[in-house]
Amino acid sequence: MYQTNMYEGMLAETVTMHGANGDVINAYFARPLGADPFPGMVVIHHAPGWDEWYREATRKFAHHGYAALSPNLYDRDGHGTPEDVAAKVRAAGGVPDDQAVGDLEGAMQYVRSLPYINGKVGVFGTCSGGRHALLAASRVKGFDAAVDCWGGRVVMAKEELTAKQPVAPIDYTKDLSCPLLGLFGEEDRSPSPEQVAQHEQEIKKHGKTYEFHMYPNAGHGFFYYDRPAYRQQQAVDGWQKVFAFLQRYLGTPERSA
Amino acid sequence: MCTMIVKQVDIEGSGKGVTGWFTVRQANVSYDHPFNAPLEHALNIDFVNEAQGPGARVAVELTVEAAHNLVEAILAVLAWAEAGGYLERPAGAESR
């Protein structure tokens, strides 16, 4: 727990890293200063892009004692304002799952290579980033905890599959390689409570370690303080659950707020 | 994006973006998360010119009702103009 006479510092900056196919992409990196080692986090931006909320979230993880790296999964789609780039990706039907997973593996390896990491790396994402977190935790070895916040299209009908998204993430459940935390809203339509229940059944079937929380009076994106979907109580509780979960599985230093 | 409901149509015309007028080549129409409208999903239209990069974009984010009203208004205005003999068409194009 933070005490007012403690030293606190942080370094946050844009870096480059190797993603899928060895491509060099931008990433935002934030880490605490002071006594190490730190657990690592890969922070996956949402469908609306690599935006301010995500750079803030990356710093939030650093504030809580993690060396956090947020890769720009839209780097190959050009540069401009996060909205303009995200709009281009939206029109193109998103980024390919294979590419996103490759970028996230690269981010995990980047974090693992740092000299002040405690050997544990987690992954966090919201919206499409929650879906990507689940895919990365299932298809890549090397993550120690995964947080999926309201990732839609985990359960996908056959007609929803595309060349970019050829496999529904739920079909990788048997390969899930680390404990999973899921946060969802009862009023969300993607994922709907029925889809979350279906996902949970699949996780149980394969005996995976998980923790799901379904919040009443919340829909999609209830952490986003800049959107009408924000729900203060649910968001505060949700962040507490995120950090409690990560502390359990990543050995987070005693530090908060 | 989360719904992935999107269609792209080739268009011809001009749009006024943050740096001034530019030639628009495509319209991307989606029903997905908006960036600004206070809705979980909106009917989004981006008038873009892909050759000029992501910044060549004129964006609108509409409610479902507004989108329907806009479509009706566009069709009504075109019909009105056609009835008055005002429609400009490329040579050889047939009237609908």
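The listed protein sequences correspond, in order, to chains A and B. Going by the working numbering, the first residue of the first sequence is number 51, and it counts up by one from there. Going by the working numbering, the first residue of the second sequence is number 25, and it counts up by one from there. Glycine is no exception: its CB is placed at the ideal position from the N, C-alpha and C atoms.
Residue i (DSSP reduced to helix, strand or coil)
{"i": "A:MET91", "result": "strand"}
{"i": "A:ALA112", "result": "helix"}
{"i": "B:ARG120", "result": "At B:ARG120 the pLDDT is 48, less than 50, meaning the model places this residue with poor confidence; the figure from the coordinates comes in the next sentence. Of the three classes helix, strand and coil, the one that applies to B:ARG120 here is coil, per DSSP."}
{"i": "A:GLN290", "result": "helix"}
{"i": "A:THR223", "result": "helix"}
{"i": "A:VAL135", "result": "helix"}
{"i": "A:LEU296", "result": "helix"}
{"i": "B:TRP104", "result": "helix"}
{"i": "A:HIS129", "result": "coil"}
{"i": "A:GLY169", "result": "strand"}
{"i": "B:HIS92", "result": "helix"}
{"i": "A:ALA186", "result": "helix"}
{"i": "A:VAL74", "result": "strand"}
{"i": "A:GLY156", "result": "helix"}
{"i": "A:HIS249", "result": "helix"}
{"i": "A:GLY179", "result": "helix"}
Proximity below 9 Å, CB of residue i to CB of residue j
{"i": "B:ALA100", "j": "B:THR87", "result": "no"}
{"i": "B:VAL30", "j": "B:GLN50", "result": "no"}
{"i": "A:LEU83", "j": "A:VAL171", "result": "no"}
{"i": "A:ALA136", "j": "A:GLY179", "result": "no"}
{"i": "A:ARG203", "j": "A:SER227", "result": "no"}
{"i": "A:HIS263", "j": "A:THR223", "result": "no"}
{"i": "B:ALA85", "j": "B:LEU63", "result": "Note that residue 85 of chain B corresponds to Glu in the displayed sequence, not to Ala. Cβ atoms of B:GLU85 and B:LEU63: closer than 9 Å."}
{"i": "B:PHE46", "j": "B:ALA80", "result": "yes"}
{"i": "A:LYS214", "j": "A:ASP127", "result": "no"}
Inter-residue CB distance, residue i and residue j (contact presumed, cutoff 8 Å)
{"i": "A:ARG281", "j": "A:PHE272", "result": "4 Å"}
{"i": "A:ALA195", "j": "A:PHE88", "result": "A:ALA195 to A:PHE88, Cβ: 14 Å. No contact."}
{"i": "A:HIS129", "j": "A:LEU154", "result": "The Cβ separation is near 20 Å, so there is no contact."}
{"i": "A:MET91", "j": "A:TYR116", "result": "4 Å"}
{"i": "A:CYS199", "j": "A:LEU233", "result": "5 Å"}
{"i": "A:ASN76", "j": "A:ASN122", "result": "4 Å"}
{"i": "A:GLN284", "j": "A:ALA268", "result": "4 Å"}
{"i": "B:ASP70", "j": "B:CYS26", "result": "Contact flag wrong, Cβ pair sits at about 17 Å."}
{"i": "A:VAL151", "j": "A:ALA186", "result": "6 Å"}
{"i": "A:VAL197", "j": "A:LEU164", "result": "Not a contact, Cβ separation roughly 21 Å."}
Which residues DSSP lists as bridging residue i, in chain order
{"i": "B:ARG81", "result": "B:VAL72"}
{"i": "A:PHE79", "result": "A:GLU63, A:LEU119"}
{"i": "B:VAL30", "result": "B:SER54"}
{"i": "A:GLY232", "result": "A:ASP198, A:PHE262"}
{"i": "B:PHE46", "result": "B:GLY39"}
{"i": "A:HIS68", "result": "A:VAL74"}
request  = Identify each residue in the stretch 73-94 of chain B for which the Cβ-Cβ distance to at least one residue of chain A is less than 7 Å, and report them in chain order.
outcome  = Against chain A - using a Cβ distance shorter than 7 Å - the residues of the stretch 73-94 of chain B are GLY77, PRO78, GLY79, ARG81, ALA83.
ask   = Looking at chain B, which residues of the stretch 164-190 of chain A have a Cβ within less than 8 Å of any of its Cβ atoms?
value = Contacts with chain B (Cβ-Cβ distance below 8 Å) from the stretch 164-190 of chain A involve CYS177, SER178, listed in chain order.
task = Return the residues of the stretch 42-63 of chain B that lie within a Cβ-Cβ distance of less than 7 Å from chain A, sorted by chain order.
result = Considering only beta carbons, the part of the stretch 42-63 of chain B lying closer than 7 Å to chain A consists of ASN52, SER54, ASP56, HIS57, PHE59, PRO62, in chain order.
query = What residues in the stretch 263-278 of chain A bring their beta carbon closer than 8 Å to a beta carbon of chain B?
reply = Residues of the stretch 263-278 of chain A that bring their beta carbon within less than 8 Å of a beta carbon in chain B comprise GLY269, HIS270, GLY271, ARG277, PRO278, in sequence order.
message = Give me the subset of the stretch 212-235 of chain A whose CB atoms are less than 7 Å from a CB atom of chain B, sorted by chain position.
response = The stretch 212-235 of chain A vs chain B, Cβ under 7 Å: nothing.
request  = Would you list, in chain order, the members of the stretch 141-156 of chain A that have their beta-carbon closer than 9 Å to a beta-carbon of chain B?
outcome  = The residues in question are ALA141, ALA142, GLY143, GLY144.
task = Can you give me, in chain order, the residues of the stretch 237-266 of chain A that have a beta carbon less than 7 Å from any beta carbon in chain B?
result = Listed by position, the residues of the stretch 237-266 of chain A near chain B (Cβ gap below 7 Å) are SER240.
task = Check distances from the C-beta atoms of the stretch 91-109 of chain A to those of chain B and list, in chain order, the residues that come in under 8 Å.
result = Of all residues in the stretch 91-109 of chain A, those with a C-beta nearer than 8 Å to a C-beta of chain B are ALA97, PRO98, reading in chain order.
request  = Would you list, in chain order, the members of the stretch 114-138 of chain A that have their beta-carbon closer than 8 Å to a beta-carbon of chain B?
outcome  = So the close ones are ASP127, GLY128, HIS129, GLY130, THR131, GLU133, ASP134, VAL135, ALA136, ALA137, LYS138.
ask   = Quick one, which residues of the stretch 285-296 of chain A are near chain B if we go by CB-CB under 9 Å, in chain order?
value = Close to chain B, meaning a Cβ-Cβ distance shorter than 9 Å, is no residue of the stretch 285-296 of chain A at all.
request  = Taking a Cβ distance cut-off of 8 Å, strictly less, list which residues of the stretch 189-203 of chain A are near chain B, in chain order.
outcome  = Correct list: GLY202, ARG203.
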